[in-house]
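Data first, discussion second: the structure below is written as structure tokens.
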Amino acid sequence: MFARINWRHFDWLLLVVVLALCGVSVAMIFSATHNSPTLAEYWLLQVQFVGIGLVALFVVAMFDYRQLSLLAVPAFIVFIVSLIVVFLFGDTQGSGSQSWISVGGRLVQPTEAGKFLIIIFLSWYLSWFRDSMHKLPYLLMALILLFTPLILVYIQPDFGMTITYAFLGGALIMVSGVRYRHLAILAAMALLAVPLLASTLQGYMLARICIFLPTDDATGQISAPILSFLRSVFDSLPSECVQPEANTAASYNVEQALIAVGNGGWTGLGWTAGTQNQLHFLRVRHTDFIFSVIAEELGMIGASLILLLLLFVVWRVLRIADQAPDHFGKLLATGVAALIFFQVLINVGMNLKVMPVTGLTLPFISYGGSSLVSMLFAIGLAESVAMRHRKIEFF
106 MFARINWRHF
116 DWLLLVVVLA
126 LCGVSVAMIF
136 SATHNSPTLA
146 EYWLLQVQFV
156 GIGLVALFVV
166 AMFDYRQLSL
176 LAVPAFIVFI
186 VSLIVVFLFG
196 DTQGSGSQSW
206 ISVGGRLVQP
216 TEAGKFLIII
226 FLSWYLSWFR
236 DSMHKLPYLL
246 MALILLFTPL
256 ILVYIQPDFG
266 MTITYAFLGG
276 ALIMVSGVRY
286 RHLAILAAMA
296 LLAVPLLAST
306 LQGYMLARIC
316 IFLPTDDATG
326 QISAPILSFL
336 RSVFDSLPSE
346 CVQPEANTAA
356 SYNVEQALIA
366 VGNGGWTGLG
376 WTAGTQNQLH
386 FLRVRHTDFI
396 FSVIAEELGM
406 IGASLILLLL
416 LFVVWRVLRI
426 ADQAPDHFGK
436 LLATGVAALI
446 FFQVLINVGM
456 NLKVMPVTGL
466 TLPFISYGGS
476 SLVSMLFAIG
486 LAESVAMRHR
496 KIEFF
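By this note's numbering, the letter at position 136 of the sequence shown is numbered 241, and the numbering carries on one by one without gaps.
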């Protein structure tokens with residue numbers, strides 16, 4: 106399990122960049138919270154999370170990733186059962202989303218670990234049936250297995266995690282050797298199902314989507330064709346759909362984030378000197394909207410450099426996938442790269458009002474133990490693939 110560890114193949118440059126991002130995280134969380142008495146020690150907690158995450162990274166890197174194929178099916182079954190338990194007995198924690206269950210007196214959110222369980226399980230399935238994935242029945246089975254957790258998470262409801270699972274599954278299926286005509290058929294079926302899916306959206310989900318839809322310059326409302334479609338599907342619309350500029354809880358954070366980004370200009374106002382940040386106009390500034398804090402205080406140049414570092418991490422993990430010794434390792438690393446890329450895309454997009462607010466954090470930078478540790482765990486998974494260039498030899 107831990108045999109044949111070759112540290113020469115460990116991607117040290119990847120680790121250095123990840124540590125640099127963690128350093129940025131601590132600095133920006135300090136800036137966002139140091140003048141809030143209830144949050145003032147969050148940067149110290151983030152340092153502790155970095156330490157825990159690094160331990161997880163090295164432990165996972167030393168673990169032979171090929172052993173995960175033996176755990177893929179039972180772990181996926183446990184995950185599905187946990188989601189069913191959440192549906193029946195889950196706790197909302199005041200968030201409106203029934204996503205937590207009590208385990209040993211502590212609340213646990215199965216969906217966070219589920220990102221990696223889906224990557225591991227689909228990587229196993231798609232590699233095990235690699236020679237058959239060009240056949241439609243095997244593709245349909247992969248989709249059925251993916252939709253099972255998707256539906257259970259969607260009804261919690263957790264829109265952000267639902268689209269994350271869908272993106273991960275889609276990315277892995279795309280690189281697994283399926284035929285493009287099968288994908289075209291499935292894409293057409295998905296488009297036909299859009300009205301049905303739209304009708305099941307919760308009010309807060311619809312409000313978040315309406316915030317970034319295009320508006321008419323004259324009326325300030327969503328363009329007439331889109332508004333007519335929404336009214337034909339939904340019995341009632343939230344104020345964000347009828348008047349997107351309304352000062353509501355759903356739109357407030359997005360508007361303040363845009364102001365913060367604009368304030369930063371090219372070079373920024375300086376660390377701990379951002380007005381939207383320091384005057385507390387920007388809410389959840391240390392988690393979902395920390396990119397706006399970065400843009401305001403470090404400017405477009407600083408924010409762009411951090412984005413380049415994040416994209417470098419994605420490229421480096423894809424490089425590991427390209428050099429993987431087997432198809433299972435290739436899919437595992439691809440899944441990790443897809444996860445990091447998607448969360449960066451959505452988080453930055455919602456800070457710039459080009460994506461709906463979903464609650465997805467900025468990898469390695471947003472405050473939170475589960476978010477940071479899980480991302481460092483993901484890097485450890487990619488490093489495990491990088492360290493094993495040779496296939497298992499049987500004697």
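Yeah, the Cβ is synthetic: ideal placement off N, Cα and C, and Gly gets one too.
Subject >> Beta-carbon proximity list for Ala161, same chain, < 8 Å, skipping 5 on both sides >> reply: Val478, Leu481, Phe482 and Gly485
Original post:
Considering only the beta carbon of each residue, do Arg390 and Ala137 sit closer than 8 Å?
Top reply: yes
Original post:
Of all the options Phe394, Ile425 and Ile411, which has the alpha carbon lying nearest to the alpha carbon of Lys458?
Top reply: Phe394
Original post:
Taking DSSP as the reference, what is the three-state secondary structure of Trp112?
Top reply: helix
Subject >> Contact set for Gly373: own chain, Cβ-Cβ below 7 Å, skip 5 residues either direction >> reply: Glu401, Glu402, Leu403, Gly404 and Gly407
Original post:
Between Ala443 and Phe272, is the Cβ-Cβ spacing less than 8 Å?
Top reply: Going by beta carbons, Ala443 and Phe272 fall inside the 8 Å limit.
**OP:** Pair every Cβ in the segment 246-257 with every Cβ in the segment 219-228, then say whether three or more of these pairs are closer than 8 Å.
**Re:** Yes, the segment 246-257 is in contact with the segment 219-228.
**OP:** Please name the residue or residues paired with Ile206 in a DSSP beta bridge.
**Re:** Val213
**OP:** Have a look at the DSSP bridge pairing and note the partners of Asp75.
**Re:** Residue coverage of the chain in this structure runs from 106 to 500, which leaves residue 75 outside it and unanswerable.
Subject >> Status (buried if at least 16 other CB within 10 Å, exposed otherwise) for Leu387 >> reply: buried
Subject >> Validate contact between the segment 235-250 and the segment 270-290 using beta carbons, cut 8 Å, 3 pairs >> reply: yes
Subject >> Three-state secondary structure assigned by DSSP to Lys220 >> reply: helix
Subject >> Close Cβ partners of Ser475 (< 8 Å) along its chain, the five nearest in sequence each way excluded >> reply: Gln214 and Glu217
Original post:
Could you give the residue range of the alpha helix (DSSP H) that holds Ile399?
Top reply: Ile395 to Asp427 is the span of the alpha helix (DSSP H), which, as asked, contains Ile399.
Original post:
DSSP three-state call for Ala132: helix, strand or coil?
Top reply: helix
Original post:
Which of the three DSSP states, helix, strand or coil, is assigned to Val359?
Top reply: helix
Original post:
Can you tell me whether Trp420 is buried or exposed, with buried defined as 16 or more other CB within 10 angstroms of its CB?
Top reply: exposed
**OP:** Could you tell me the distance, in whole angstroms, from the CA atom of Val164 to the CA atom of Glu360?
**Re:** 42 Å
**OP:** Compute the Euclidean distance between the alpha carbons of Trp148 and Leu126, then round it to the nearest angstrom.
**Re:** 14 Å
Original post:
When we look at the beta-carbon of Asn352 and count the other beta-carbons within 10 Å, is it buried (16 or more) or exposed?
Top reply: Annotation note: pLDDT 46 at Asn352 (below 50); position unreliable, no value reported.
Original post:
Within this structure, are the beta carbons of Ser397 and Val366 separated by less than 8 Å?
Top reply: yes
**OP:** Take Gly454 and list the residues in its own chain whose beta-carbon comes closer than 8 Å to its own, dropping the five residues that flank it on each side.
**Re:** Met460
Original post:
If Ser228 sits next to Phe433, beta carbons under 8 Å apart, how far is it from one beta carbon to the other, in whole angstroms?
Top reply: 6 Å
Original post:
Measuring CB to CB, does Thr392 end up less than 8 Å from Tyr472?
Top reply: Contact flag set, yes.
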